[in-house]
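Comments concern the structure below.
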Amino acid sequence: MRRTSLLTIALLALILGAMAAKSWLVQVPPVRAHTAAGQFDAARAKARLARVLGDQRPHPADSEASDAMRGRLVAELRALGLQPLVRDQYACNDFQKARLVACARVRNVIAVMGPAPGKALLLNAHYDSVPVGPGAGDDGIGVATLLEVAANLGTRQLTRPVILLFNEGEELGLLGARAFQADPLSRQVDSVLNFEARGVTGPAVMFETSQPNGTAVAAFARAAERPFASSLMTDAYRQMPNDTDVSVFRERGWTALNFALIGNETRYHSPSDDLAALDLGSVQHMGDQALALSQELAGGVPQAGGQRIFVDVLGRALIVTPLSAGLVLFITLVAAFAVLTFRWKAYGQALAAVALGFVGAGLFGWLAALLVGSIRGGTYWRAHPDVAFLSVYAAGLLAITIATATLGRCAETRQLRAAFWTLFLVIGGALALFAPGVLIYFLAPPSALLLGIAMSRWWRGAETAGALVALALLYLSWGEMLALLEQLFSPGPLWIVAPVGALLMLAAVVELHPLIRASSRAAVGGGAMLAALAIGGALAAPTYSADRKQRFTIEHVTDFRSGKSRWSLATDGAALPESYDQLGKWSWEKLDFGPRKRWVADAPRVAGMKPPSLEIIEKLSHGSARTLRLRLRTNGAERVAIIAPAEARIRSAGLAGYERPLRASDSPGEFTIACSGRSCDGAELIVEQPSAKPVTWTIVGMRNGLPSSAKPLVEARPRLAGPQYAPDQTIAVASTKP
């Protein structure tokens, strides 16, 4: 019995170890030691990027730093023998997923390769950065990729045009992409490859395609040598609030493929998004895919209609099948396992035990994250997300073990198998209602088990062998998917991965059922011990590191409506260092122009600072509606947000000649008009409303940097902390009633 107990605990530890080791499934391919002619050279691409970035200052659109960046980019293109064009345009863009119109002056850099006539392939990246960081990853990797791909394509005889678009203003609201839509060259385009980043490491993941996806996936499957992609990923992305330039391009119906890095989000939109952090292997992987697909699509767009479901196999190959075929196989599997469930009487305790294990794992995982978070506060997992995720999985494993050792104790192993895979398929069917691409993950593992069951007539151990093969296939496919989900949700919440991890671990624990039944107390005790160790590790692991710093942005905010000035610390909610106790009386609250809580304390006024303002040029009434022509005075602000309350009922807004309609006009809430860059001062805004009744708007001006009175706060900021998403800045807030 003691040997059985030790073996059971060891195998539970092995399951947890496999959960910890799954990151090896998404390893970046190694950098080639020698690059042959015609191959993408990652070192050379990164060297090109170093020249373009220069001193690595932040270079937001319509800034002096962006001018300098653009000049170096143009010089690099000319060194490749190209004749780049610079388009100087104003642009505004609206969003389907937000009540916002964003505007700025942008200068797109365009270079055309190949013959002039014919339909063109567009290669797109943006060269502007956010105000807080140099943008070596976002989107320096895209710039480097396009430059090196251009160098390789320049040695080939192209049969149709290839347009390189280095757009400006993506960070301000996809403005460069919107401006390109008005460019005459855009009328030639029939396909686009976009390159982005939300981190600085990891493989280049293909996460979005045009719809229907048959043509795009066919090209990707033929060209990509080391693909990381799945139809689940592309379906899930469509449900998220995020946007890239492809969100604008897809309005034209172009064949599109979108790529991004997502490893180490802590450096994204921060001063740490620099060349030193940008992984050379990630540059290599992005570049290899970009070059292969550019060569594929430069020869023409393959015609392959319909919808495909697909998944990569360890980044080595891509499995693709029509959605209709996948649906037929899925329905067949559901029917087969429904029959097995009733034939083996697995619908009683066995199904209840499996369901309890699944639900309990999600609940225990959530409780583990809540427990550690209540003790430590903030994003306690930032430096070591792998340790924190493991605590969630260990808690889930304990719940599964308890369910198997209690409610599943009297069931047979084959009953638990049938119950698990039936539940697995039911979950797949429910998810497929919202994301049909998920079906690809629900086909191979249960098919392997079903084959083993069918072969058990001739081979007694076939069913067990089929179950183990199914488990291996589940780990290889779902393990990779879970590793990418961990990267995607590294900012939190941690518990969101618990249900996915539960399915992986539940399949493994079912196969341990005979051992758990023979040593149930030891199994539960071992599971509890593993959970305690994992949670203890999450409690003990350092919260921040030099590679993964705490988000800590310092702001000086003056509200001219109340006359008060305050310090605002946009952090992750962790307790402030003791040194800050001497610098103010801090409270955790929201500012009335932003949705997130932050640390706030009284601050001294800044002499001579003025808020932005609006001058009314003209009011035009048509019936009960009205059109406002307004002149914006930034008064030194580099970014201005004009926030209209819900009762303003904005119909359209933008710069004169670039008005954008509000497509979500029936949805309630505030509406924001944003303008960024030097050219906003004196810009003319046009706003249309269905009512002539004036209401009070809020106007917010932001300028980079802090007043001298902020020096003690900056010096007291922890060493392992820095701004992210927004720079240290000075903010002025006022009201206006046009």
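Start counting at 1 in the sequence shown, then tack on 1365, and there's your number in our numbering.
A virtual CB, placed ideally from N, CA and C, is assigned to each residue, including glycine.
### Boundaries of the alpha helix (DSSP H) in which Y1602 is found, first to last residue
In the sequence shown, the residue the question calls residue 1602 occupies position 237. Residues S1596 to Q1604.
### Task
For the beta strand (DSSP E) containing F1675, list its first residue and its last residue.
On the sequence shown, position 310 is the one that residue 1675 refers to. Element bounds for F1675: R1673 to V1678.
#### Entry: Close beta carbons around P1499, own chain, < 7 Å, minus the five adjacent residues each side
By 1-based counting over the sequence shown, the position of residue 1499 is 134. Around P1499: L1418, Q1421, R1422, P1423, D1638 and D1639.
### Query
Of all the alpha helix (DSSP H) runs that stay within the bounds of the stretch 1858–1895, which reach a length of 4 or more residues?
1863–1876 and 1878–1883
### Message
Can you look up D2031 in the DSSP assignment and give me helix, strand or coil?
### Response
Locating residue 2031 in the sequence shown gives position 666, counting from the first residue. Annotation note: pLDDT 48 at D2031 (below 50); position unreliable, no value reported.
### Task
Tell me where the alpha helix (DSSP H) around R1708 begins and ends.
In the sequence shown, residue 1708 corresponds to position 343, counting from 1. Per DSSP, R1708 belongs to the alpha helix (DSSP H) from L1688 to R1708.
### Query
Cβ atoms of I1981 and P2103: under 8 Å apart, would you say?
As a first step, residue 2103 is located in the sequence shown; it is residue number 738 there, counting from the start. As a first step, residue 1981 is located in the sequence shown; it is residue number 616 there, counting from the start. In this structure, I1981 lies closer than 8 Å to P2103 by Cβ.
### Query
Considering only C-alpha positions, which residue in the set K1710, I2007 and F1799 is nearest to S1596?
By 1-based counting over the sequence shown, the position of residue 1596 is 231. Checking every option, the nearest Cα to that of S1596 belongs to F1799.
### Query
Are there 16 or more other CB atoms within 10 angstroms of the CB of Q2089, so buried, or fewer, so exposed?
If you number the sequence shown from 1, residue 2089 lands on position 724. Buried: at least 16 other Cβ atoms inside 10 Å.
### Task
Could you say which of T2101, Q2094, P2072 and P2010 lies nearest to R1464 if we only look at CA atoms?
Here residue 1464 refers to the residue found at position 99 when the sequence shown is read from its first residue. When only C-alpha atoms are compared, the closest one is P2010.
### Task
Tell me the start and end of each unbroken alpha helix (DSSP H) in the stretch 1964–2041 that is at least 4 residues and wholly inside, in chain order.
none
#### Entry: Neighbour-count burial assignment, C1457, 16 or more Cβ in a 10 Å radius
Against the sequence shown, residue 1457 aligns to sequence position 92. Buried, because 16 or more other Cβ atoms sit within 10 Å of the Cβ of C1457.
### Message
According to DSSP, simplified to helix, strand and coil, what is C1775?
### Response
On the sequence shown, position 410 is the one that residue 1775 refers to. Note: C1775 maps to coil in three-state DSSP.
#### Entry: G1534 versus G1949: straight-line alpha-carbon distance, rounded
In the sequence shown, counting from the first residue as 1, residue 1534 sits at position 169. In the sequence shown, counting from the first residue as 1, residue 1949 sits at position 584. Taking the straight line joining both Cα atoms gives about 37 Å.
### Query
So, helix, strand or coil for Q2054, using DSSP?
As a position in the sequence shown, residue 2054 is number 689, starting the count at 1. Looking at Q2054 - three-state DSSP - the assignment turns out to be strand.
### Task
Please go through the same chain and pick out, in chain order, the residues whose beta-carbon is closer than 7 Å to the beta-carbon of L1850, but skip the five residues on each side of it.
Here residue 1850 is taken as the residue at index 485 of the sequence shown, counted from 1. So the qualifying residues of the chain are V1862 and V1865.
### Message
With H, G and I counted as helix, E and B as strand and the rest as coil, what does DSSP make of L2071?
### Response
Translated into the one-based positions of the sequence shown, residue 2071 becomes position 706. If DSSP states are grouped into helix, strand and coil, L2071 belongs with coil.
### Where A1542 sits in the DSSP three-state scheme
Here residue 1542 refers to the residue found at position 177 when the sequence shown is read from its first residue. The answer is helix: DSSP assigns A1542 an H, G or I state.
### Query
Does the distance from the C-beta atom of V1451 to that of V1471 stay below 8 Å?
Mapped onto the sequence shown, residue 1451 falls at position 86. Mapped onto the sequence shown, residue 1471 falls at position 106. No, the Cβ-Cβ distance between V1451 and V1471 is not below 8 Å.
### Query
Would DSSP call T1631 helix, strand or coil?
For this step, residue 1631 is matched to residue 266 along the sequence shown. Helix at T1631.
### Query
Can you tell me the Cα-Cα spacing of T1778 and G1826, whole angstroms?
Sequence index remark: in the sequence shown, residue 1778 carries index 413 (1-based). Sequence index remark: in the sequence shown, residue 1826 carries index 461 (1-based). Answer to the nearest angstrom: the Cα atoms are 13 Å apart.
### Message
Please return the same chain residues whose Cβ sits closer than 6 Å to the Cβ of G1938, not counting the five positions on each side in sequence.
### Response
Taking the first residue of the sequence shown as 1, we reach residue 1938 at position 573. Result list for G1938: G1743, in chain order.
#### Entry: Cα-Cα separation between R1521 and M1651, rounded to whole angstroms
Along the sequence shown, one-based indexing puts residue 1521 at 156. Along the sequence shown, one-based indexing puts residue 1651 at 286. Roughly 20 Å separates the two Cα atoms.
### Query
Are at least three pairs of beta-carbons, each pair with one atom in the stretch 1743–1756 and one in the stretch 1907–1927, less than 8 Å apart?
yes
### Query
Between which two residues does the alpha helix (DSSP H) carrying V1803 extend?
To locate residue 1803, count along the sequence shown from 1; it is residue 438. Element bounds for V1803: n/a, residue is neither H nor E.
### Query
Between P1395 and the rest of its own chain, which residues show a CB-CB distance below 7 Å, the 5 nearest in sequence each way excluded?
Stepping through the sequence shown from its first residue, residue 1395 is reached at position 30. G1646.
### Task
Please go through the same chain and pick out, in chain order, the residues whose beta-carbon is closer than 7 Å to the beta-carbon of L1804, but skip the five residues on each side of it.
To locate residue 1804, count along the sequence shown from 1; it is residue 439. Excluding five sequence positions before and after L1804, the CB atoms of its chain that fall closer than 7 Å to its own CB belong to I1674, G1691, L1692, F1695, G1793 and A1797, given in chain order.
### Message
Just to confirm the assignment, what range does the beta strand (DSSP E) spanning S1855 have?
### Response
On the sequence shown, position 490 is the one that residue 1855 refers to. Taken as a continuous stretch (DSSP letters only), S1855 belongs to no beta strand (DSSP E), as it is neither H nor E.
### Query
Apart from the five residues on each side of it in sequence, which residues of its chain come closer than 7 Å, Cβ to Cβ, to G1483?
Numbered from 1 along the sequence shown, position 118 holds the residue referred to as residue 1483. The answer, listed in chain order, is R1525 and P1526.
### Task
Could you please give the first and the last residue of the uninterrupted alpha helix (DSSP H) stretch that includes Q1649?
Taking the first residue of the sequence shown as position 1, residue 1649 is located at position 284. Q1649 -> alpha helix (DSSP H) spans L1645 to A1663.
### Message
Taking the beta carbon of G1901 as the centre, do at least 16 other beta carbons fall within 10 Å, making it buried, or is it exposed?
### Response
Start at 1 with the first residue of the sequence shown, and residue 1901 comes out as number 536. G1901 comes out exposed.
### Message
If I follow the unbroken beta strand (DSSP E) through F1614, where does it start and stop?
### Response
Your numbering for residue 1614 matches position 249 in the sequence shown. No beta strand (DSSP E) contains F1614, which is instead part of the alpha helix (DSSP H) from V1611 to F1614.
### Anticipated Cβ contact below 8 Å, G2066 with T1999, distance rounded
As a working note, residue 2066 is residue 701 in the sequence shown. As a working note, residue 1999 is residue 634 in the sequence shown. 6 Å between Cβ atoms; contact.
### Query
Using the rule of at least 16 other Cβ atoms within 10 Å of the residue's Cβ for burial, across every protein chain shown, is V1889 buried or exposed?
Your numbering for residue 1889 matches position 524 in the sequence shown. Its Cβ being crowded by 16 or more others within 10 Å, V1889 is buried.
### Task
Using beta-carbon positions only, say whether V1613 and R1543 come within less than 8 Å of one another.
Here residue 1613 refers to the residue found at position 248 of the sequence shown. Here residue 1543 refers to the residue found at position 178 of the sequence shown. The answer is yes: Cβ separation under 8 Å.
### Message
Quick check on L1512: does DSSP put it in helix, strand or coil?
### Response
Walking along the sequence shown from the start, residue 1512 turns up at place 147. L1512: helix per DSSP, three-state reduction.
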